[in-house]
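These notes are about the structure you will find just below.
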Amino acid sequence: MRIPDFKLERYFARWEFTAPHLLCSSDIEGWRMADLLALADPEARARWEGLTLGYTESTGLPALKEAIAALYPGLSPGQVLTFAGAEEAVFVLMNVLLGAGDHAVVTWPGYQSLHEVARATGAEVTLLPLREEDGWALDLEALRGALRPHTRLIVVNFPHNPTGALPTPEAFEALCALAEERGVYLLSDEVYRLLEHAPAQTLPAAVERTARGLSLGVMSKAFGLAGLRVGWLACRDAELLQRCAAYKDYTSICNSAPSEVLALIALREKEKVLARSRAILGENLKRLDAFFARHADTFQWVRPRAGSVAFPRLLRDVPITDFCQALVEREGVLLLPGSVYDFPGNHFRLGFGRTRLPEALEHLEHFLAVG
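Numbering (this note's numbering), first residue to last: 211 to 581.
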């Protein structure tokens with residue numbers, strides 16, 4: 211396999227642990243270990259205290275799979291396969307499902323692995339642009355037009371990274387119906403699901419709506435537990451899931467035993483965990499609304515409908531890469547230029563899931579003031 215460098219990860223490798231003010235992180239402020247353990251019920255606490263650090267079941271801790279399946283009404287634990295993060299799940303699924311002669315359609319801009327891993331399998335990939343002038347909405351007619359006789363996979367990511375877009379219920383139902391109609395698998399990257407800014411707008415998971423739906427989840431985003439590296443696929447196709455499990459024998463084999471128990475604790479108390487995440491996002495969105503109102507002549511702001519990231523556009527006649535470079539060097543504030551997505555224009559990813567956002571905005575405001 212030959213695959214290009216992951217531009218976003220290379221960018222973060224340079225700056226993430228040296229820049230003092232991260233204003234582009236996609237996750238929620240991480241939980242402290244003591245605070246998470248304080249949520250444990252007696253059974254989970256006993257698991258933690260009696261844990262031995264050996265290998266775990268390759269398909270996932272049964273109790274953890276049960277907790278994950280509970281996120282998807284009607285699904286059983288046997289329809290869940292866990293991975294070392296969502297990234298591994300993408301890698302495994304693409305290599306199992308795609309190859310030379312196949313075709314995939316992937317929304318764009320987006321997380322690079324969603325299209326580059328598909329390309330690396332030998333499949334053809336069509337990028338389906340989301341447009342700022344449409345509020346980053348999914349264009350179903352453009353999607354239908356992009357499908358080919360040998361299309362095997364549609365890949366979407368809603369709530370969307372980096373724009374924060376979310377389809378209407380009608381558009382999402384039409385998307386699932388299209389996958390059914392064409393006999394195409396629908397990989398729905400739902401790692402930001404449950405972070406809708408109006409919780410009533412939470413969409414069903416793709417795996418709930420169609421037998422062709424494959425729902426990708428992870429503890430990193432909505433649950434604020436990126437360090438656990440626990441992700442999963444929820445899938446009603448038993449044969450496909452078995453093939454993914456067999457391929458996983460060549461990657462991580464199994465999850466980390468401590469991570470599985472900690473993920474179980476969080477999922478059993480998911481309402482408390484999600485309430486914390488939503489509270490952080492809600493307060494930070496208010497701050498961002500006020501900031502962008504003050505700087506409407508400098509930035510174009512399309513308010514995200516869900517998730518923990520947004521994709522504003524710089525209106526100054528300065529390349530966004532230069533702007534971000536000067537900002538991090540002079541103020542220590544890290545933004546993610548849209549160029550890491552190879553997306554045209556002056557967009558940048560802004561993350562608002564961290565508690566130190568007010569301090570980062572102060573430094574950004576100072577940077578704008580001094581020019």
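Backbone N, C-alpha and C define an ideal beta-carbon position, used for all residues, glycine too.
Given the structure is predicted, the values throughout are model-derived calculations rather than measurements.
Open item on the list: Between the segment 302-311 and the segment 531-549, can you find at least three pairs of beta-carbon atoms closer than 8 Å?
Closed with: In short, these stretches do not touch, since the Cβ pair count stays below three.
- [ ] Mark H557 as exposed unless 16 or more other C-beta atoms lie within 10 angstroms of its C-beta, in which case mark it buried.
- [x] Counting the other CB atoms within 10 Å of its CB gives H557 a total of 16 or more, which places it among the buried residues.
Task: Spatial distance of V543 from F433 (CA atoms) - done: Taking C-alpha positions only, V543 is separated from F433 by approximately 25 Å.
Open item on the list: Three Cβ pairs or more, each shorter than 8 Å: is that satisfied between the segment 436-448 and the segment 462-470?
Closed with: With the cut-off at 8 Å, the segment 436-448 and the segment 462-470 touch.
TODO: Could you tell me which of L388, S323 and H370 sits nearest to L353, measuring between CA atoms?
DONE: Among L388, S323 and H370, the Cα nearest to that of L353 is on L388.
- [ ] Output the distance between the C-alpha atoms of R341 and A570, rounded to the nearest integer angstrom.
- [x] Each residue's Cα considered, the two are about 28 Å apart.
- [ ] Report back the beta-carbon spacing between P514 and G345 to the nearest angstrom; my notes put them in contact at under 8 Å.
- [x] That pair is no contact at about 10 Å.
Task: The alpha helix (DSSP H) enclosing L363, as first and last residue numbers - done: Not the alpha helix (DSSP H): L363 falls in the beta strand (DSSP E), residues T361 to N367.
Task: Close-in-space but distant-in-sequence residues of the same chain around E334 (CB under 6 Å, 5 per side omitted) - done: Around E334: H313.
TODO: State buried or exposed for G193, treating a residue as buried only when at least 16 other CB atoms are found within 10 Å of its CB.
DONE: In this structure the chain extends from 211 to 581, so residue 193 is not present and cannot be described.
Task: For M243 and I475, the rounded distance between their alpha carbons - done: Whole-angstrom Cα-Cα distance: 11 Å.
Task: Nearest-angstrom Cβ-Cβ length linking R523 and F509, presumed shorter than 8 Å - done: Contact check for R523 and F509: beta-carbon distance about 7 Å, within the 8 Å limit, so the pair qualifies.
Task: P287 vs E276 beta-carbon contact at 8 Å - done: Note that the C-beta distance between P287 and E276 is below 8 Å.
Task: For G555 and A520, the rounded distance between their alpha carbons - done: Roughly 15 Å between the two C-alpha positions.
- [ ] Return the Cβ separation of C445 and Q322 in integer angstroms, given the expectation that the two are a contact with Cβ distance under 8 Å.
- [x] At roughly 23 Å, the Cβ-Cβ gap does not stay under 8 Å, so C445 and Q322 are not in contact.
TODO: On a CA-only basis, which of A489, V550 and C464 is nearest T266? Give me that one, please.
DONE: Of the candidates A489, V550 and C464, the one whose C-alpha sits nearest the C-alpha of T266 is C464.
Open item on the list: Here's the rule I'm using: 16 or more other beta-carbon atoms within 10 Å means buried, otherwise exposed. How should V580 be labelled?
Closed with: Counting Cβ neighbours within 10 Å, V580 comes out exposed, since fewer than 16 surround it.
TODO: Using three-state DSSP, classify V550 as helix, strand or coil.
DONE: If DSSP states are grouped into helix, strand and coil, V550 belongs with the helices.
TODO: Taking 8 Å as the cut-off, decide whether the C-beta atoms of A415 and S398 are in contact.
DONE: Yes, Cβ-Cβ distance for A415 and S398 is below 8 Å.
Open item on the list: Can you list, in chain order, the residues of its chain with a C-beta nearer than 7 Å to that of R422? Leave out the 5 residues immediately preceding and following it.
Closed with: The answer, listed in chain order, is A389, E390, V394, Y395 and L396.
- [ ] Check each candidate in L385, E380, P339 and L424 and name the one with the smallest Cα separation from E400.
- [x] Residue L424 is the option with its Cα nearest to E400.
Task: Helix, strand or coil at C445 [DSSP, three-state] - done: Strand.
- [ ] Since I believe L376 is in contact with E406 (beta carbons under 8 Å), could you give me their beta-carbon distance rounded to a whole number of angstroms?
- [x] Yes, they are in contact, since the Cβ atoms of E406 and L376 sit about 7 Å apart, within 8 Å.
- [ ] Within the same chain, show all residues whose beta-carbon is closer than 7 Å to that of P339, passing over the 5 residues directly before and after it, in chain order.
- [x] So the qualifying residues of the chain are W318.
Task: Reduced DSSP secondary structure (H/G/I, E/B, other) of E400 - done: If DSSP states are grouped into helix, strand and coil, E400 belongs with coil.
Task: Any C-beta of chain D under 8 Å from that of P287 - done: Among the chains of the structure shown, chain D does not appear; only one protein chain is present.
TODO: Determine the DSSP secondary structure at Q510, reduced to helix, strand or coil.
DONE: Three-state DSSP puts Q510 in a strand.
- [ ] Counting only runs of 3+ residues fully inside the segment 433-488, write out the beta strand (DSSP E) ranges in chain order.
- [x] For the segment 433-488, the full-length beta strand (DSSP E) segments reaching 3 residues or more read 441-445 along the chain.
- [ ] Starting from G427, follow its DSSP beta bridges and name the residues at the other end.
- [x] G427 pairs with W442.
Task: Beta-bridge partners of R559, as assigned by DSSP - done: According to DSSP, R559 bridges with L546.
Open item on the list: Rounded to the nearest angstrom, what separates L247 and Y402 at their Cα positions?
Closed with: If you take the alpha carbons of L247 and Y402, they lie about 23 Å apart.
Open item on the list: Assuming P339 is part of the beta strand (DSSP E), what are its boundary residues?
Closed with: It spans E334 to P339 - the beta strand (DSSP E) in which P339 sits, taken as one unbroken run.
Task: First and last residue of the uninterrupted beta strand (DSSP E) at F577 - done: Counted as a single uninterrupted DSSP element, the stretch harbouring F577 is not any beta strand (DSSP E) but the alpha helix (DSSP H) occupying residues L567 to V580.
Task: Among F222, Y282 and E219, nearest to L477 - alpha-carbon criterion - done: Looking only at F222, Y282 and E219, the smallest Cα-Cα distance to L477 is reached by Y282.
Task: Endpoints, the alpha helix (DSSP H) within which T601 is located - done: Any property of residue 601 remains undetermined from this structure, which presents the chain solely from 211 to 581.
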